[in-house]
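**Student:** Please find one structure pasted underneath; my questions will follow.
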Amino acid sequence: MEFHVITLFPEMFAALDAGLIGRARNQGLISVTAHNLRDHGLGNYRQVDDAPYGGGSGMVMRPEPIAAALDAVVAERSGLVKIMMTPQGAPFSQAAARELAMADGLVLIAGRYEGFDERVRALVDREISLGDYVLSGGELPAMVVIEAVARLVPGVLGNPASLAEESFGASELLEYPQYTRPEEFRGMRVPEVLLSGDHGKIRAWRESEARRRTARRRPDLAAAARKT
Ligand code: SAH
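Numbering of the sequence shown is given in the working numbering, commencing with residue 11 and proceeding in unit increments.
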């Protein structure tokens, strides 16, 4: 799967060289390409922003450089979903990641300054927000989307079974409590059932713990899970 980002700070995406995503890139399962918006800037100064019409503080990103950068990315590829990163978008979720993972690829547009000229909205397929807070750029949000979607691409996770079991997986519940060695740590013991070797009992315990934990920590999720 191909991931493209349009950004003023392509160097930030070096963070995606590490870990699981880095390995998936080396194996050719996914590609991540950061395109410098500055290359499509206007005039000698390669300008990408300007003062807002009507006045007000800060600068707004002009539409033409973004349109040119998008055209250049989609020119030789089909099936890319165009996404604007904005706090005004649809809140990102595991369900959204699953849906995006079915595309051939994504082009994510990272904003800066006071955000985008309103007409940029007409150029994209969807708008995604990471949450109800404001960051100074769309780069970190774009990386979060890439990481969440990339790990759903077949082959990227060593053990695909963990996808079904982890939080927001097939059950839409938070994951059950996990333990590893040692059996006792500062007086806290691993629950006896996990040491029993009885796989039926272990499954039942995990299922009920996942439900209990979700009900206590995230009643909103528990209510949604009951409806399905
Ligand atoms: N003035 C804008 C915010 C601009 S923040 C507004 O009030 O809506 C600058 C850029 O950071 C945005 O264009 C966007 O790309 C990115 N950004 C900031 N917060 C974000 C969030 N919660 N989710 C996604 N992108 C975000």
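Glycine residues also receive a C-beta, built at the ideal position from the N, C-alpha and C atoms.
How close, in whole Å, do the beta carbons of Glu12 and Asp114 come, if the pair is a contact with beta carbons under 8 Å?
**Tutor:** 7 Å
**Student:** Which residues in the same chain as Leu204 place their Cβ atom closer than 7 Å to its Cβ, once the five residues preceding and following it in sequence are excluded?
**Tutor:** Tyr189, Ile212
**Student:** Leaving out five residues before and five after Gln57 in sequence, what residues of the same chain have Cβ atoms less than 7 Å from its Cβ?
**Tutor:** Gly51
**Student:** Could you give the distance in angstroms between the alpha-carbon of Glu176 and the alpha-carbon of Glu185?
**Tutor:** 5 Å
**Student:** For the stretch 146-160 and the stretch 28-45, state whether three or more C-beta atom pairs, one from each stretch, are separated by less than 8 Å.
**Tutor:** yes
**Student:** According to DSSP, is Ile76 helix, strand or coil?
**Tutor:** Reduced to three states, the DSSP call for Ile76 is helix.
**Student:** State the CB to CB distance for the pair Leu162 and Ala107, rounded to an integer number of angstroms; the pair is presumed to be in contact (CB under 8 Å).
**Tutor:** 6 Å
**Student:** So, helix, strand or coil for Gln104, using DSSP?
**Tutor:** helix
**Student:** Per DSSP, His209 forms a beta bridge with which residues?
**Tutor:** According to DSSP, which records beta bridges pairwise, His209 is partnered with nothing at all.
**Student:** What distance in whole Å lies between the Cβ atoms of Leu183 and Thr224, which are believed to be in contact at a cut-off of 8 Å?
**Tutor:** 4 Å
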